[in-house]
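Scroll down for the structure; my scribbles are underneath it.
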Amino acid sequence: MGDEGEQIQINLNKDVNQDEAIIAQEREIEREIAETIPLIGPKVDLSVLQKEYAEDDIIYQQKVNDLKNKYSCIRKMRPDGNCFFRAFTFAYLESLLTDTQEYK
Numbered sequence: 001m002g003d004e005g006e007q008i009q010i011n012l013n014k015d016v017n018q019d020e021a022i023i024a025q026e027r028e029i030e031r032e033i034a035e036t037i038p039l040i041g042p043k044v045d046l047s048v049l050q051k052e053y054a055e056d057d058i059i060y061q062q063k064v065n066d067l068k069n070k071y072s073c074i075r076k077m078r079p080d081g082n083c084f085f086r087a088f089t090f091a092y093l094e095s096l097l098t099d100t101q102e103y104k
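For the sequence shown, the positions run 1 to 104 when full-length UniProt numbering is used.
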């Protein structure tokens with residue numbers, strides 16, 4: 001392969017602030033994600049989970065079937081770090097709309 005004394009050269013443009021370039025790249029990635037994935041997705045059947053993952057994973061398929069016994073559908077959230085809070089809050093508010101006793 002190479003000599004131990006061999007150095008790796010990195011070509012950096014001295015005129016470009018690397019921190020600003022990294023931040024700009026992160027913002028571009030976040031923008032692309034925001035354009036393609038909704039904050040809160042529509043209700044979808046649990047069979048979507050079975051199709052997403054390998055069919056040869058028997059344990060996973062059994063767990064999805066167990067979920068089907070209790071739940072009829074799922075909602076996918078944008079995976080942006082706040083997805084748990086968004087999912088919990090949305091599910092709670094949605095349950096208040098259907099359960100009038102809890103709403104009061």
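Think of the CB as a built atom: it goes at the ideal place given N, C-alpha and C, for glycine as much as any other residue.
query: F84 to D57, Cα distance in whole Å?
result: The residue given as residue 84 occupies position 84 in the sequence shown. The residue given as residue 57 occupies position 57 in the sequence shown. Computed Cα separation, rounded: 26 angstroms.
Bridge partners - Y43, DSSP secondary structure assignment: Within the sequence shown, numbered from 1, the residue matching residue 43 stands at position 43. Inspection of the sequence shows that residue 43 is occupied by Lys rather than by Tyr. Answer is R75, bridged to K43.
- request: Report the residue from C73, L46, K63 and Q50 whose alpha carbon sits nearest the alpha carbon of A91.
  value: By 1-based counting over the sequence shown, the position of residue 91 is 91. Residue C73 is the option with its Cα nearest to A91.
- request: For the alpha helix (DSSP H) holding residue 151, just list the boundary residues, first then last.
  value: Because the chain spans 1 through 104 in this model, residue 151 falls outside it and cannot be assessed.
message: Assuming contact is defined by CB atoms lying nearer than 8 angstroms, are R75 and K43 in contact in what I supplied?
response: The sequence position of residue 75 within the sequence shown is 75, counting from 1. The sequence position of residue 43 within the sequence shown is 43, counting from 1. Contact: yes.
Whole-angstrom distance between F88 and T98, CA atom to CA atom: Stepping through the sequence shown from its first residue, residue 98 is reached at position 98. Stepping through the sequence shown from its first residue, residue 88 is reached at position 88. The alpha-carbon atoms of T98 and F88 are separated by roughly 16 angstroms.
field: Candidates T100, R31 and D15, of which the one nearest D80 by Cα
entry: The residue you call residue 80 lines up with position 80 of the sequence shown. For the residues T100, R31 and D15, the minimum Cα distance to D80 belongs to R31.
field: First through last residue of the alpha helix (DSSP H) which encompasses E94
entry: Residue numbering aside, residue 94 sits at position 94 when the sequence shown is read from its first letter. Run containing E94: C83 to T98, per the alpha helix (DSSP H) assignment.
message: Assuming contact is defined by CB atoms lying nearer than 8 angstroms, are L67 and L96 in contact in what I supplied?
response: On the sequence shown, position 67 is the one that residue 67 refers to. On the sequence shown, position 96 is the one that residue 96 refers to. Going by C-beta atoms, L67 is not nearer than 8 angstroms to L96.
Where the alpha helix (DSSP H) containing D80 begins and where it ends: Within the sequence shown, the letter at position 80 stands for residue 80. Segment: none, D80 is in no alpha helix (DSSP H) and carries neither H nor E.
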